[in-house]
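J.: Sequence lines, in order, name chains A and B. For the record, in the first sequence the residue sitting at position 321 is 339 according to our numbering, with numbers rising by one throughout. For the record, in the second sequence the residue sitting at position 730 is 741 according to our numbering, with numbers rising by one throughout. We put the CB at the ideal spot given by N, CA and C, even for glycine. I have a structure I would like to understand better, so I am pasting it below and will then ask my questions one at a time.
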Amino acid sequence: MSTKKIVIDPITRIEGHLRAEVEVDENGVVQEAYVSGQLFRGIEIILKGRDPRDAGLLAGRICGVCTNSHFRAAVSSVEDAYSLKLPNNAEIIRDLMAMALFIQDHVVHFYHLHSFDFVDVTSALQADAKLASKEAHKYHRKPFRNSHAHYEEVLQKVGNFVKAGKLGPFSNGYWGHVEYKLTPEQNLILISHYLEALKFQTNISKAVAIFGGKTPHPQSIIVGGVTSVADMLNPQRLNDYLFIMKEAKEFVERAYLPDAKLQSIAYRDDIKAGIGRANGNFLSVGGYEFEAKQRLFCNGVIYAHDFEHIEEFDESKISEEIDRAWYSGETRENEVCYTDLNEDGSLKTAKNDDKYSWIKAPRYDGKTMETGPLATVLVSYSKGNNLIKSFVDEFLAETDLELIDLSTTVGRNSARAIESGYICEYIFKLVSRLIQNIKYYDTDTWVRYDFEKLQKNANGKAFLEVPRGVLSHFVNIKDAKIENYSVIAPTTWNATPKNFDGLRGAYEEALVGIKIQDTSKPLEVLRVLHSFDPCLACAVHVIDADANELSSYKIKTLFEG
Amino acid sequence: MRIVIVGGGIVAVYLANNLKKQNAALDVTILSDEKHPPYDRIHLCSLVDNTQEIDEISLPLDPTIRLELNQKINKIDKESKRVFSDNSMFSYDKLIIATGSMPISLFDISHIKNATVFRSADDCDLIKIGVQGREVVIVGSGPIGLELLETLNEMPNVVHITLLLRGNHLYAKELSMDSIKTIEECYTKEGKIRISYEDEIVDKTIENSEIISLQTKKFQIKNPFLIFGVGIKPNIEEFRESLACANGILTNRFMQTEDEDIYAVGECAEVKELGFVAGHVKECTTQANCAISHILQTDVKEFELEVSIDMLKVGEFDLVEVNSPKFSSDYEKVLITSKEDKRIDEYFVNDDKLTRFIGINSNVDVGYIESLINDGDALDINYLYQNRLIGERGRLICSCEHVYHQDLVDIVTQTGIGSFGELASFSEAGRVCGRCKTMVQDVIRDSQHLIDPNMPRKSPQDIKKEREMAEVTKRIDKFNALHPRNNLTTDNLESALASLEIGKHEVNSWISMVTADMKLHPNFEKLVEKGVKTLNKVPIVWLELSDCSGNSEAFIKSANPAIEDLIFDYISLDYHELLMSASGDMSETILEDIIKNQKGEYILIVEGAVPLAMDGKYLRIGPKGETGIELLKKCAKDAVLVIAVGSCAFDGGVVAAAPNPTGAVGVGDALNRKDVINIPGCPTNPINIVGTLLSYIMFEELPPLDKLNRPLWAYEGRIHDNCERRGHYELGEFVKEWGDAGAKKGYCLFEMGCKGPYANANCPTMKFNGGTSWPVQAGHGCMGCVEQNFFDKFANERKYVEEEK
């Protein structure tokens, strides 16, 4: 059987530098896949030797998309090292920033990063505005901006654009591809929302900035709390936050969720064919206490789609391997071990120990795991979280799908939309809690400590559920300086390379078996990869060869067995 | 609101006019006990010598103000909020007492025909007639007394004047003997005036309500006309019963008395906290402003003691005095005198600081003296000596408004005004206390010949606009040089701009903002808009290298214009990996196409550092696995302009922070080019990207850059200088620990390691996310992310010390 290798680089509409290489048989069915992170920066190396209090500002720069996630995780890991217990207000403000980011990220992902894999811009031009308006009513009783006039305006706008021959960012899409299945009217609805979502994400970023000073890269989290106390005590700022989130909720309920339903119904065949399904191992750490002892998400581990048996998350089961990533664990001084590409620029994958990515290989109990909104939703739902249950059940009922169907390319988007709707509902409880605290004169935002008197040697860790899944930071402090630093980001889990075990990560596993109609236009590959919302700057992290020093964390390398 | 003002002097008029100016709907009434409408007492001398009639010195009054004359108020009913005169009753919501002061006489002169004080127009009438054929005796030598002395000295029908002084000084006891002699000479050289020091009236003979003779310690004076100029006291007898009084009616610093609806302003009031009773017009008007601000609750101000300036111009000499509240009698004095010029500068020093200045025929810049006293700077005798002969702006004319001779001449020559009345639109000189009015008139008259007869008359708005247009003209010349066919001039600018296409409303507000931020005249707005539309035709390639996409994320959050307008209507974002539909080969095709077919036309924006170690292989892009540096060089080669956005593209940023594991550098260094525009920031504010693009499109050259190639329009101002918390810094109000009381109040973050003093950018004015906030507002402080090596230097929460490591 002859196979053909397709190289896709750059994968656009993601954060960072991702390459995918797939080997297809004569029918275009993917037999093997390799995904590779193509940029190494070495943020952990840069963190070494610095004051632990500076970790947040620096580690925040790991990613400008998951912008406050790393900032918070770094500060939290240092707080964990020093056993600092944060004032409730500080936790809430951090959560409010995080939750606004969830919504912002998910909406940007669905429309700006992913929708063109399903929506054909050129087809939308054939749409009838009146029919589009009617179509939208099938997915919500009060669709977002659904007047005929509005759709006419969108048609005109996009039409002018195409007529002028200036497609700008729409240039060279796979327009007209047979895999595009939406009707012209459905395409028009989604393009209308694409444009509205551009405004939406600008607006909701203000919610993050209210408490963060700015976004991307907010600047208000410090070891021991948050700095934006004056904003917290300003009723107008709280009010602004509430109103922005109220508007966001409108958009999520009336545009995003209905569009996710539309997509699920239109691409039902793909869903039922299980396209984009990975190995069914899911990991979630949960979090977001919106009421005393009540958390938005549960922690848990699912193996092989067995939703009946959920294991508790056990951090000691995490290990990291590097034998097919461009690192070497033999000596601490020689951490990077770049073995280059082939002459023609393709990845070296011929031998099963060829290194081919800057992404290291995290394993949970020796297995590759999928993390992200799909994992979060499945774990919380399966653990009987009644709050999220109604959101999931309603979505599945309206689209006539089952829980397993979410574990597909299109299903990942549905899970993300469900998660967004769920967060929009409960974010207001969190604000109420903050208001309640202030009402009873609890205005603390920082826990006092004297840095000079803190222990000089300490280890800390932070596990956070962030928009793309489970994020963990580990810090090892010696003589009051950072001795070692390590990060496992959601994309590290999902985009992991193979290992000596030959196990495929979620990206690779989901790619294997899909059929590519036109190998010069590998739209199907983009769909699968985009459904994970890749974030490569987050994913690439150097592994520490002497990693046993990281607290109780056993981050094993191949060479330690 | 009904506001009743009791008093008929300059303060009452000032209060009434300014209340009306701030709120035309107010019902304002003035109750004066005089028979004349309010007039300017400063000019009483001109009534004495008949150079002016009473109506010539009357004070301008807003016609909607109700003026009641001959109303001597003798009772206040605070309960029902009414005041009473002998024949009328007036209701008020707010009452302001501005009855000023009354002159002191050494014995009761109310029934004596040939004795008077010098305070009112009626007194002038008495003096005018009474002095004829009599020996005039003036007791006291305060400023007004000296002016009257001068006036009488000039009057031919006054034969002889005796000035009786209890002490041995003129004007003020602190004056040096030289000064006193100089003043004395001016008065006595004609022989009409004799000055008798250490003298006083010891006896008098009165017949038929007329003083027949006066016996002083030294002289016997027959048939005298006696004028008391010995001082004043607050005119408050009628209010002592109803309001708490000490020397004057006691008030707080808002000039409010113990009754919250009653205020007292001017010489009748005593600010309790300061034990202060006003003596100068400027102090009275300052108090009036405080009272008005408090009554109307707009921009409320408290009364503060301030440096006062007094001037006296009598015949051959002029005198100027600058006096600080800090002056005390244990002073030392520095004198610079010239016998030749009759010039004496007296500097009074307390605790090494200048606290008072009196100059006779002085040339020194009074404004400088005032700032010296205000700032408490050390006295620089050298400077004062060097400038003793002539100040740059000439003599001070108006001490209230600080207007100098040259300032007035400039106004005259620039605007072509010909009268005092016309001056009003340009300057308040001569209008506050009015003392210098004639001098102002003289300057206007004497400088008429300097006016260019061909110059068209201009309004104040014209002048202001003209100054701005001069700046615009400079830019238009530049524009014309680059676009010869446009041929814009200041004459056709309006119509030329009007003919340009006008965009949508939403865009307009943004354009105004950018125009203002780029320090362009508002007339340029439409040109900016044209620039925006031109931008749409310039292809833009946005490369991401060793980055975190933070700048791309920031860019798509551009609030004004909305990102959708920006990427669909205004710029042609042809290659941007975060947004573009195409991937893999298809995206490479786009890039190849632009690079090959649009040489010298496209703009390259680069985000991220350039890793150079390991032959650049820490970053590889595209199906062929090009390294970051290879791709950058390829794209930059034929770009018309390369812009490095964000701190990583600027100097490697976080990626190049120690120990710089991937050998990362900024774009300029990687390309070894000096013409790369840097727009640093972590991430940079999207408005700075768009603004810089516009600037380039409009002016077709690099915008003015600093030495690190950052556009000055965005990176010129120091963050500390424009910071909203700067006031707290000045007051020494600092956040001392996170979340403390100061943090809750928004105090200065310097002690918490804010790097605003070391960073230059427009963050304080532009803010982020559509003006929502910025790191200082969020209580963290600046981390200097627009500066070089900031991760190794500034990115922490500790105070910056030069050699931290």
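Relative to the C-alpha of residue 427/A, which candidate in 548/A, 141/A, 88/A, 75/A has its C-alpha closest?
T.: Ranking the options by Cα distance to residue 427/A, first place goes to 548/A.
J.: When the Cα atoms are used, what is the spatial distance from residue 468/A to residue 745/B?
T.: Each residue's Cα considered, the two are about 19 Å apart.
J.: In angstroms with no decimal places, state the Cα-to-Cα distance between residue 123/B and residue 32/B.
T.: Spanning the two alpha carbons is a distance of roughly 44 Å.
J.: Where does residue 751/B sit, in a helix, a strand or coil, going by DSSP?
T.: Residue 751/B: coil per DSSP, three-state reduction.
J.: DSSP state of residue 202/A, grouped into three classes?
T.: Helix.
J.: Could you spell out where the alpha helix (DSSP H) holding residue 386/A opens and where it closes?
T.: Run containing residue 386/A: none; DSSP gives neither H nor E here.
J.: Considering only C-alpha positions, which residue in the set 462/A, 546/A, 494/A, 213/A is nearest to residue 753/B?
T.: With distances taken between Cα atoms, residue 753/B lies closest to 462/A.
J.: Going straight from the alpha carbon of residue 358/B to that of residue 377/B, what length do you get?
T.: Using only the alpha carbons, I get a separation of about 12 Å.
J.: Is the shortest distance between the beta-carbon of residue 559/B and the beta-carbons of chain A less than 8 Å?
T.: Yes, because at least one Cβ of chain A sits closer than 8 Å to the Cβ of residue 559/B.
J.: Could you tell me whether the Cβ of residue 580/A comes closer than 8 Å to any Cβ of chain B?
T.: Because residue 580/A is not part of the residues shown, which for chain A are 19 to 579, the question remains open.
J.: For residue 611/B and residue 287/A, what's the separation of their Cα atoms in angstroms?
T.: Rounded to the nearest angstrom, the two C-alpha atoms are 49 Å apart.
J.: Report buried or exposed for residue 479/A, applying the criterion of at least 16 other Cβ atoms within 10 angstroms of its Cβ.
T.: Residue 479/A comes out buried.
J.: Can you look up residue 703/B in the DSSP assignment and give me helix, strand or coil?
T.: Here residue 703/B sits in helix by DSSP.
J.: Residues bridged to residue 620/B by DSSP?
T.: Residue 620/B is bridged to 557/B.
J.: Residue 617/B: which of 116/B, 628/B, 646/B, 89/B sits nearest, CA to CA?
T.: Here the closest residue by C-alpha is 646/B.
J.: Determine, for residue 392/B, whether the minimum Cβ-Cβ distance to residues of chain A falls below 8 Å.
T.: Judged by the 8 Å Cβ criterion, residue 392/B is not in contact with chain A.
J.: Are the segment 108–115 of chain A and the segment 489–499 of chain A touching, with three or more C-beta to C-beta distances below 8 Å?
T.: No, they do not touch.
J.: If you draw a straight line from the C-alpha of residue 195/A to the C-alpha of residue 515/A, how long is it?
T.: Approximately 30 Å between the Cα atoms of the pair.
J.: Does any C-beta atom of chain A lie closer than 8 Å to the C-beta of residue 567/B?
T.: Residue 567/B counts as touching chain A.
J.: Considering only the alpha carbon of each residue, which of 330/B, 650/B, 725/B lies closest to residue 183/B?
T.: Nearest C-alpha to residue 183/B: 330/B.
J.: Measuring only the C-alpha atoms, how far is residue 563/B from residue 31/A?
T.: So the alpha carbons of these two residues sit roughly 11 Å apart.
J.: In terms of residue numbering, what span does the beta strand (DSSP E) encompassing residue 336/B cover?
T.: Taken as a continuous stretch (DSSP letters only), residue 336/B belongs to no beta strand (DSSP E), as it is neither H nor E.
J.: Short of 8 Å Cβ to Cβ, which residues in the segment 77–95 of chain A face chain B?
T.: So the list reads 79, 80, 81, 82, 83, 85, given in the order they occur along the chain.
J.: Enumerated in chain order, which unbroken segments of the alpha helix (DSSP H) with a length of 4 residues or greater are wholly contained in the segment 87–167 of chain A?
T.: As far as the segment 87–167 of chain A is concerned, its whole alpha helix (DSSP H) runs of at least 4 residues are 106–126, 139–142, 147–154.
J.: Between which two residues does the alpha helix (DSSP H) containing residue 33/B stretch?
T.: That run of the alpha helix (DSSP H) goes 21–33.
J.: For the putative contact between residue 647/A and residue 526/A, defined by C-beta atoms under 8 Å, what is the C-beta separation to the nearest angstrom?
T.: The structure shown does not extend to residue 647/A, since chain A spans only 19 to 579, so no value can be given for it.
J.: 8 Å is my cut-off, CB to CB: does residue 405/B come that close to chain A?
T.: Not closer than 8 Å to any Cβ of chain A, the Cβ of residue 405/B fails to qualify, so no.
J.: Tell me the rounded alpha-carbon separation between residue 760/B and residue 239/A.
T.: One C-alpha to the other measures close to 15 Å.
J.: Just tell me which of 62/B, 223/B, 74/B, 797/B has its CA closest to the CA of residue 35/B.
T.: Taking only the C-alpha atoms, the option nearest residue 35/B is 74/B.
J.: Between which two residues does the beta strand (DSSP E) carrying residue 327/B extend?
T.: No beta strand (DSSP E) holds residue 327/B; DSSP gives it neither H nor E.
J.: So what's residue 478/A in DSSP terms, helix, strand or just coil?
T.: Looking at residue 478/A - three-state DSSP - the assignment turns out to be strand.
J.: Shortest alpha-carbon distance to residue 747/B belongs to which of 722/B, 792/B, 246/B?
T.: It is 792/B.
J.: So if I threshold CB-CB distances at 7 Å, which residues from the segment 763–786 of chain B count as touching chain A?
T.: Of all residues in the segment 763–786 of chain B, 779, 780, 781, 783, 784, 785, 786 have a Cβ within less than 7 Å of some Cβ in chain A.
J.: Can you find the residues in the same chain that come closer than 6 Å, C-beta to C-beta, to residue 312/B, ignoring five residues on each side of it along the sequence?
T.: These residues qualify, in order along the chain: 301, 304.
J.: Which residues bound the beta strand (DSSP E) around residue 48/A?
T.: Counting along the chain, the beta strand (DSSP E) containing residue 48/A begins and ends at 48–55.
J.: Determine whether the beta carbon atoms of residue 254/B and residue 268/B lie at a separation below 8 Å.
T.: Closer than 8 Å, so yes.
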